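Read through the structure below, which is laid out as C-alpha cells, and then see the notes.
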DNA sequence: CCGCAGACTAGACACTGTCTAGTATCTAGT
DNA sequence: ACTAGATACTAGACAGTGTCTAGTCTGCGG
C-alpha cells in the first residue's frame with residue numbers, strides 16, 4: 001500500500017523527505033499516479049495522521065488490557081505505550097498534533113476523538129472504584145492526555161531521554177491516583 | 185531584520201509558507217542574499233526556534249514575577265503565559281519541539297536549557313517553603329514542563345479550546361501543590 | 001454492448017533550495 | 001595609505017518538488 005511506504009519514509013527520514021514523486025518512483029508508477037488516491041500532499045499527510053491515531057489507540061488499549069485487575073498498573077502501561085509509540089514514530093506524532101493554519105479534516109478530527117474515547121475508557125475503569133479524587137473523568141483524562149503528550153514531545157525533541165520519560169510517567173500517574181500509597 | 189519577517193510569516197501562514205526566496209523578494213534583495221546570513225533553510229528555522237525559547241522564557245518569567253508573594257498564583261500565571269504563547273505562536277512552538285531526525289543544534293539546545301532553568305527557578309521559589317511534596321525540584325519541573333507543553337499541543341492542534349486549556353492548567357497546578365487546600 | 005468511473009501516463013508550469021562565480025563595500029593590519 | 005580579507009550581495013544555473021491538464025487504458029455495472 002502507498003500509505004505503508006509513506007509511513008516508512010516518514011519514520012526513517014522525516015517529514016521533509018516525504019515526496020509524492022519519490023513515492024511514485026519507488027512504486028514504479030508515473031509521478032502523477034498518486035493523485036488518483038490523494039488529491040494533495042496534505043491529503044496524504046492527513047491520511048497518515050488518521051492512521052496514526054488509530055494505531056496509537058490500539059496500542060494503548062492493548063497495553064491497558066494487559067493489566068486487567070490493577071488500575072494503577074494499567075494506567076502506567078497505557079501511558080508507557082503512548083511514549084513508546086512516540087519514540088518509534090516521532091515524525092508521525094508530530095504530524096498528528098501539528099498546529100496547522102486551518103482546522104483539521106473531519107477524518108482526522110474523528111480519529112483523534114476516538115483516541116481520546118479510548119483513553120477515557122481506560123480511566124473510567126479505575127474511576128468506578130474511586131481511584132481518583134474527582135468525579136469528572138473527562139477532565140481528568142484530558143489532563144492525562146496532555147501529560148503523556150507533553151512527555152512524548154520532550155522525549156522526541158531530545159530534551160530528555162526515554163528513561164527520564166518513563167520516570168516522569170511514574171511521577172504523573174502517582175499524582176493521578178488518590179492517596180500517597182496508591183499504586184506504589 | 186530578516187528573522188522578524190520570517191517570524192511573522194511563520195505566525196500568519198505557517199511553516200510551509202516560509203520560503204527563503206519569498207523573504208528575499210519582500211526584502212527587495214536577490215534570491216541568494218539570505219545565504220550570507222543563513223547557510224540553510226534549516227539554519228533559519230533553528231534561529232527562529234532559538235529566539236522562540238528565549239522569548240517564551242522571558243514571558244513566563246515576567247508572568248511569575250507579577251505574583252511575587254504567592255507560589256500558587258505565580259505558578260498558575262507562568263503556566264498560563266506558556267499556553268498563551270502557544271496560542272499566539274503555534275507554528276513557532278511546533279518548530280521548537282519538532283522531532284527532527286538529527287540532534288538539535290548547539291544553540292537551540294542551550295536555549296531550550298535556559299528555558300528549563302527559568303522554569304526551575306520559578307518552581308524553586310515555592311519549594312523552599314515546602315509547597316510541594318517532594319524534594320526533587322528538577323524532576324517536578326520536568327513534569328510541569330511536560331504538562332504545560334502537552335496542554336499547549338492540545339490547544340494548538342485544536343483538540344481543545346483555550347478555556348479548556350486554562351481549566352487544565354488549574355487542575356494541573358492544584359495537583360502540584362501539597363495538600364487539598366493549597367492554592368485554592 | 002455501451003458508458004463510465006478509476007487508475008494511470010506524459011507533459012507542462014511555477015516554484016523551491018542550493019551551488020557557483022563574480023562584484024562591491026567596508027574593515028582591520030602593517 | 002595600501003592591501004588583504006571578510007561580508008553582503010547579484011545573477012545564473014540545476015535538480016527537485018507539487019499541481020494542473022489532456023489523454024489513454026481497463027474493468028465493471030446497467
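Chains as they are written, first to last, in the working numbering: chain A, 1 to 184; chain B, 185 to 368. For each residue, glycine too, the CB sits at the ideal point set by N, CA and C. As the structure is a prediction and not an experimental result, all values here were calculated from the model.
(request) Step through the CB atoms of chain B and report whether any lies within less than 9 Å of the CB of residue 157 of chain A. (result) yes
(request) Please list, in chain order, all residues of the same chain as residue 97 of chain A whose beta carbon is under 6 Å from its beta carbon, the five residues on each side excluded. (result) none
(request) Can you have a look at residue 125 of chain B and say buried or exposed, based on whether 16 or more other CB atoms are within 10 angstroms of its CB? (result) Residue 125 of chain B lies beyond the range of chain B shown here (185 to 368); nothing can be said about it.
(message) Once the 5 residues before and after residue 332 of chain B are set aside, which same chain residues still bring their CB inside 6 Å of it?
(response) 263, 266
(request) Identify, in the order they occur along the chain, each residue of the same chain with its Cβ nearer than 8 Å to the Cβ of residue 172 of chain A, setting aside the five sequence neighbours on each side. (result) 79, 144, 147, 148, 151
(request) Tell whether a beta-carbon distance below 9 Å holds between residue 156 of chain A and residue 93 of chain A. (result) yes
(request) Anything in chain A within Cβ reach of residue 331 of chain B, meaning under 9 Å, just list it in chain order. (result) 143, 146, 147, 150, 151, 172
(message) Closer than 8 Å is the cut-off here; do at least three beta carbon pairs connect the region 287-297 of chain B with the region 111-129 of chain A?
(response) no
(request) Go ahead and label residue 50 of chain A buried or exposed: buried means 16 or more other beta carbons lie within 10 angstroms of its beta carbon, across all protein chains shown. (result) buried
(message) Does any residue of chain A have a CB that is nearer than 9 Å to the CB of residue 281 of chain B?
(response) yes
(message) I'd like to know if residue 277 of chain B contacts chain A, where contact means its C-beta is closer than 9 Å to some C-beta of that chain.
(response) yes
(message) What ranges does the alpha helix (DSSP H) occupy inside the region 226-294 of chain B, keeping only unbroken runs of at least 4 residues that lie completely in it?
(response) 255-272, 274-280
(request) Identify whether residue 302 of chain B lies in helix, strand or coil by the three-state DSSP scheme. (result) helix
(request) Check whether the Cβ atoms of residue 23 of chain A and residue 35 of chain A lie closer than 9 Å to each other. (result) no
(request) State the DSSP-derived secondary structure class of residue 318 of chain B, mapped to helix, strand or coil. (result) coil
(request) Could you pull out every residue in the same chain whose Cβ sits closer than 7 Å to the Cβ of residue 217 of chain B, ignoring the five residues on either side in sequence? (result) 208
(request) Could you work out which residues of chain B lie near residue 13 of chain A, taking near to mean beta carbons separated by less than 9 Å? (result) 285
(request) Compare the C-beta of residue 296 of chain B with all C-beta atoms of chain A and state if any pair is closer than 9 Å. (result) yes
(message) Output needed in chain order: residues of the region 57-78 of chain A with a Cβ under 8 Å from some Cβ in chain B.
(response) none
(request) Determine whether the Cβ of residue 167 of chain A lies closer than 9 Å to any Cβ atom of chain B. (result) yes
(request) Could you confirm whether any beta carbon from chain A is found closer than 9 Å to the beta carbon of residue 228 of chain B? (result) no
(request) Determine, using beta carbons only, whether residue 259 of chain B and residue 248 of chain B come nearer to each other than 9 Å. (result) yes
(message) Would residue 170 of chain A and residue 104 of chain A be called neighbours here (beta carbons separated by less than 9 Å)?
(response) no
(message) Let me confirm a value: residue 274 of chain B is counted as buried when at least 16 other C-beta atoms fall within 10 Å, else exposed. Which label applies?
(response) buried
(request) Rounded to whole angstroms, what's the CA-CA distance from residue 301 of chain B to residue 1 of chain A? Just pull it up for me. (result) 46 Å
(message) Considering only heavy atoms of the ligand GTP, does any lie closer than 8 Å to the CB of residue 76 of chain A?
(response) You won't find the ligand GTP in this model; it holds no ligand whatsoever.
(message) Please state the DSSP three-state secondary structure of residue 156 of chain A.
(response) helix
(message) Please report the straight-line C-alpha distance between residue 101 of chain A and residue 343 of chain B, rounded to a whole angstrom.
(response) 14 Å
(message) So, at 6 Å on beta carbons, what are the nonlocal neighbours of residue 325 of chain B in its own chain, with the 5 sequence-adjacent residues on each side left out?
(response) 303, 304, 307
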